[in-house]
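Chemist:
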Amino acid sequence: MEFDLQAWLLFGLPLAFVLGWLASRLDVRQMRREHVDSPKAYYKGLNLLLNEQQDKAIDAFIEAVQNDPDTTELHFALGNLFRRRGEFERSVRVHQHLLARADLPTSERERAQHALAQDYMKAGLFDRAEAAYRALVGGDHDREARLALLNLYERSRDWRNAAEMARALDGSGAGSFGQRISHHWCELALEADARQHSEEASAALAQAQRAAPHAPRPKLIAGQRAFEAGQAAEALTHWEGLRQVDVASFTLVAQAYAQAGQACGQVERVRTTLSESHAARPSLDLIKALASLDDQSAAQSPLVLPYLQQQATLSAAQAVLSRPANEWTQACSDAVSKALDKAGRPLQRYRCAACGFEAQRYFWQCPGCLNWDSFPPLRIEDQ
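Quick note on numbering: the sequence shown equals residues 46 to 428 in my numbering.
#1: What does the alpha-carbon distance come out to for the pair A237 and N206?
#2: Since N196 is in the alpha helix (DSSP H), which residue starts that stretch and which ends it?
#3: Can you give me the C-alpha to C-alpha distance between D330 and A384, rounded to a whole angstrom?
#4: Of the residues A274, E118, G268, which one's Cα is nearest the Cα of P150?
#5: DSSP on A277, reduced to helix/strand/coil?
#6: Can you give me the Cβ contacts of W284 inside the same chain, cut-off strictly under 6 angstroms, excluding the 5 residues immediately before and after it?
#7: Once DSSP output is grouped into helix, strand and coil, what is the label at Q410?
#8: Opposite E236 in the DSSP bridges: which residues?
#9: Quick check: A157 and L181, are their CB atoms within less than 8 angstroms of each other?
#10: Leaving out five residues on either side along the sequence, give the residues of the same chain with a beta carbon under 6 angstroms from the beta carbon of L214.
#11: With a threshold of 16 other CB atoms inside 10 Å of the CB of D418, please say whether the residue is buried or exposed.
#12: Drop a sphere of 10 angstroms on the beta-carbon of M76, count the other beta-carbons inside from all chains shown, and report buried for 16 or more, exposed for fewer.
#13: Would DSSP call R396 helix, strand or coil?
#14: Are the CB atoms of C309 and L350 within a distance shorter than 8 angstroms?
#15: Could you name the residues of the same chain whose beta carbon sits closer than 7 angstroms to that of I425, not counting the 5 residues immediately before and after it, in chain order?
#16: Are there 16 or more other CB atoms within 10 angstroms of the CB of G124, so buried, or fewer, so exposed?
#17: Does DSSP put A147 in a helix, in a strand, or in coil?
#18: Out of H259, Y352, A211, A398, point me to the one whose CA is closest to L197's CA.
#19: Round the Cβ separation of L338 and A380 to the nearest angstrom and send it over; I've been treating them as touching at under 8 angstroms.
#20: Taking the alpha helix (DSSP H) that V315 belongs to, which residues open and close that run?
#21: Please state if the CB of A334 and the CB of S342 are separated by a distance shorter than 8 angstroms.
#22: Going by other Cβ atoms of all chains shown within 10 Å of its Cβ, with 16 needed for buried, is R390 buried or exposed?
#23: Per DSSP, which residues does E403 bridge with? Please list them.
#24: Using 10 angstroms around the beta-carbon of S217, count the other beta-carbons present and answer buried if the total reaches 16, otherwise exposed.
#25: At the level of alpha carbons, what is the spacing between H140 and R129?
#26: Should L423 go down as buried or exposed, given a rule of 16 or more other Cβ atoms within 10 Å for buried?
#27: Determine the contact status of A253 and A234, defining contact as a CB-CB distance below 8 angstroms.
#28: Which residue comes first and which comes last in the alpha helix (DSSP H) that contains F420?
#29: Determine the contact status of R30 and L144, defining contact as a CB-CB distance below 8 angstroms.
#30: Compute the Euclidean distance between the alpha carbons of F420 and L348, then round it to the nearest angstrom.
#31: Compute the Euclidean distance between the alpha carbons of K264 and G286, then round it to the nearest angstrom.
#32: Which residues in the same chain as A399 place their Cβ atom closer than 7 angstroms to its Cβ, once the five residues preceding and following it in sequence are excluded?
#33: Measure the C-alpha to C-alpha separation of D340 and Q300 and round it to an integer number of angstroms.
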C-alpha cells in the first residue's frame with residue numbers, strides 16, 4: 046500500500062489540533078481548581094481565626110499549605126499562629142522550611158529570617174536569637190534587628206554590646222539613644238566598682254557623661270563615689286550639678302547631701318540648697334534632709350504640716366502623727382483626715398470577681414463582662 050503524505054497531513058493536522066486543545070483545557074481546569082481550593086482553605090482558616098478558634102484555624106492553614114506548598118504567605122500565617130500559641134518548635138520548623146527553599150526571593154528570605162529570630166526570642170533561646178538577628182543587620186530589617194539585639198543585650202546585662210548597638214542605632218538616624226547609652230556605661234561603672242576596679246569605673250562614668258551631658262544618673266553616681274571615698278566637698282559639687290539638670294532626681298540623694306554637708310562643715314550651704322529645692326519642688330525627702338541638719342525628725346519640722354496639707358500623702362501623715370500630743374492641732378487632724386480619705390478611696394470600691402472591673406457603686410450585672418451576681422457585696426477593703 047502506497048503512503049499518501051498529503052492524505053495523512055489532511056487527517057493528522059486537525060487531529061493534533063484537537064488533542065492539543067483538549068490538553069490545554071485540562072491544564073487550565075486543573076490550575077483553576079488548585080487556585081480555587083487554596084483560597085477556600087485560606088479563607089476558612091482566616092474566618093476561624095477571627096472567631097478565635099485557633100486550633101481549627103491551624104488545621105485549615107495546614108490543609109492550605111499542603112494544597113499549595115509554594116505559597117509563602119500561608120507559611121507565614123501558620124508560623125505566626127504557632128508562635129502566638131506558644132508552640133515555638135513548630136513555628137521554628139515552618140520558618141526553617143521557608144529558609145531552606147532555594148527559589149525564595151531575597152525579601153521573603155529576610156522576612157522568614159526575621160520571623161525565625163522572633164521564634165527564638167519568644168522561646169528564650171537568646172543565643173540563637175542573637176545569631177538570627179545579626180544575620181539581618183544591613184538588610185531590609187536592619188532597624189528592627191538592631192533594636193531587638195539592643196533589648197536582648199540589655200536583658201542579658203551585656204552592657205558593652207548594648208552600648209555599641211545603641212551607638213550604631215543613634216548614628217543611623219533611628220532616634221536619640223544618648224540617654225540609654227549613658228545608662229549602659231553607668232551599669233559598667235557600677236560593675237567595675239563592685240570588682241574594686243576604680244580606674245575602670247571612672248573611665249566608664251566619663252563615657253556615660255559624654256554620651257548624655259545632661260543625664261542625671263552619671264552625676265548622681267559620681268557624687269556617691271566621692272562621698273564613699275571620703276571626699277564630701279567633691280560629692281556636694283557633683284550633687285549640686287545633679288540638681289541643676291534634674292531637681293526631681295536630686296531628692297534621691299537629699300539625705301546623703303545633708304550628711305556630706307555636715308561632714309565637710311558646709312551646713313549653711315547645704316541648708317540653702319535644700320530649702321531652694323523644696324520651694325521649687327516640695328518633697329518629704331527634702332524635709333527629712335533639712336530636719337537632719339538640726340538633729341530633728343521630719344515630725345518636728347515646721348514644713349511637714351504645710352506639705353501634708355498640699356500633697357495629702359500617707360508618708361507625710363505618718364510624720365504628722367508622730368508629733369507629741371501637746372503639738373497636735375485641729376489643722377493636723379484635718380490634714381491627716383484628708384490624706385487617709387485620699388489613700389482609702391481606691392479601696393472603697395466594689396470589684397467584679399470575674400473580670401476585675403472596679404466601681405464606686407454596687408452592680409448586680411458587671412458593666413465590664415456583663416456577668417450577673419459577680420460583684421461580692423463587700424468593698425475591696427473589707428474582703
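Positions of the beta carbon are idealized from the N, C-alpha and C atoms, including for glycine. All of these numbers come straight from a predicted model, not from anything done at the bench.
Modeler: On the basis of the supplied data:
#1: Residue mapping note: residue 237 aligns to position 192 of the sequence shown, counting from 1. Residue mapping note: residue 206 aligns to position 161 of the sequence shown, counting from 1. Their Cα atoms are separated by approximately 16 angstroms.
#2: For the purposes of this step, residue 196 is taken as the residue at position 151 of the sequence shown. It spans 187-200 - the alpha helix (DSSP H) in which N196 sits, taken as one unbroken run.
#3: Within the sequence shown, numbered from 1, the residue matching residue 330 stands at position 285. Within the sequence shown, numbered from 1, the residue matching residue 384 stands at position 339. Rounded to whole angstroms, D330 to A384 spans 18 angstroms at the Cα level.
#4: On the sequence shown, position 105 is the one that residue 150 refers to. Nearest of A274, E118, G268 to P150, Cα basis: E118.
#5: As a first step, residue 277 is located in the sequence shown; it is residue number 232 there, counting from the start. Note: A277 maps to helix in three-state DSSP.
#6: Numbered from 1 along the sequence shown, position 239 holds the residue referred to as residue 284. Taken in chain order, the residues that qualify are G268, V298, Y302.
#7: In the sequence shown, counting from the first residue as 1, residue 410 sits at position 365. Q410: strand per DSSP, three-state reduction.
#8: Along the sequence shown, one-based indexing puts residue 236 at 191. Beta-bridge partners of E236 (DSSP): none assigned.
#9: Walking along the sequence shown from the start, residue 157 turns up at place 112. Walking along the sequence shown from the start, residue 181 turns up at place 136. Against a cut-off of 8 angstroms, the Cβ pair of L181 and A157 comes out as no contact.
#10: Translated into the one-based positions of the sequence shown, residue 214 becomes position 169. So the list reads R191, F222, once near-sequence residues are dropped.
#11: The residue labelled residue 418 in the question sits at position 373 within the sequence shown. Classification of D418: exposed, given that the 10 Å Cβ count is below 16.
#12: Residue 76 sits at position 31 when you count from the first residue of the sequence shown. The predicted model places M76 with a pLDDT of 45, which falls under 50 and marks its position as unreliable; any figure quoted below should be read in that light. That one is exposed.
#13: Mapped onto the sequence shown, residue 396 falls at position 351. Three-state DSSP puts R396 in a strand.
#14: What you label residue 350 is simply residue 305 of the sequence shown in a count that begins at 1. What you label residue 309 is simply residue 264 of the sequence shown in a count that begins at 1. Going by beta carbons, L350 and C309 fall outside the 8 angstroms limit.
#15: Numbered from its first residue, the sequence shown carries residue 425 at position 380. Non-local beta-carbon contacts of I425 in its own chain, meaning distances under 7 angstroms to residues more than five positions away in sequence, involve L392, R394, R396 in chain order.
#16: Position 79 of the sequence shown, counted from the first residue, corresponds to residue 124. By the neighbour-count rule (16 or more Cβ atoms within 10 Å), G124 is buried.
#17: Reading the sequence shown from its first residue, position 102 is the one you call residue 147. In the structure shown, the three-state DSSP call for A147 is coil.
#18: Counting from 1 along the sequence shown, the entry for residue 197 is found at position 152. Closest by alpha carbon: A211.
#19: The residue given as residue 338 occupies position 293 in the sequence shown. The residue given as residue 380 occupies position 335 in the sequence shown. So it is not a contact: roughly 24 angstroms between Cβ atoms.
#20: Counted from its first residue, the sequence shown places residue 315 at position 270. It spans 312-325 - the alpha helix (DSSP H) in which V315 sits, taken as one unbroken run.
#21: As a position in the sequence shown, residue 342 is number 297, starting the count at 1. As a position in the sequence shown, residue 334 is number 289, starting the count at 1. No, Cβ-Cβ distance for S342 and A334 is not below 8 angstroms.
#22: Here residue 390 refers to the residue found at position 345 of the sequence shown. Answer is exposed; the Cβ neighbour count stays below 16.
#23: As a first step, residue 403 is located in the sequence shown; it is residue number 358 there, counting from the start. For E403, the pairing in a beta bridge is given by DSSP as R396.
#24: Taking the sequence shown and counting its residues from 1, the one referred to as residue 217 is at position 172. It is exposed - the Cβ of S217 has fewer than 16 other Cβ atoms within 10 Å.
#25: Taking the first residue of the sequence shown as position 1, residue 140 is located at position 95. Taking the first residue of the sequence shown as position 1, residue 129 is located at position 84. If I take the Cα positions, the gap works out to 14 angstroms.
#26: As a first step, residue 423 is located in the sequence shown; it is residue number 378 there, counting from the start. Only exposed fits L423, as fewer than 16 other CB atoms lie within 10 angstroms of its CB.
#27: Position 208 of the sequence shown, counted from the first residue, corresponds to residue 253. Position 189 of the sequence shown, counted from the first residue, corresponds to residue 234. Yes, these two residues count as a Cβ contact at 8 angstroms.
#28: Residue 420 sits at position 375 when you count from the first residue of the sequence shown. Here F420 belongs to no alpha helix (DSSP H), and DSSP marks it neither H nor E.
#29: Here the chain has residues from 46 to 428 only, and residue 30 is not among them.
#30: Position 375 of the sequence shown, counting from 1, holds the residue named residue 420. Position 303 of the sequence shown, counting from 1, holds the residue named residue 348. Distance between F420 and L348, taken at the CA atoms: about 43 angstroms.
#31: By 1-based counting over the sequence shown, the position of residue 264 is 219. By 1-based counting over the sequence shown, the position of residue 286 is 241. Roughly 7 angstroms separates the two Cα atoms.
#32: On the sequence shown, residue 399 is found 354 positions in, with the first residue counted as 1. C411, C414, N416, S419, listed in sequence order.
#33: If you number the sequence shown from 1, residue 340 lands on position 295. If you number the sequence shown from 1, residue 300 lands on position 255. Straight-line Cα distance between these residues: approximately 12 angstroms.
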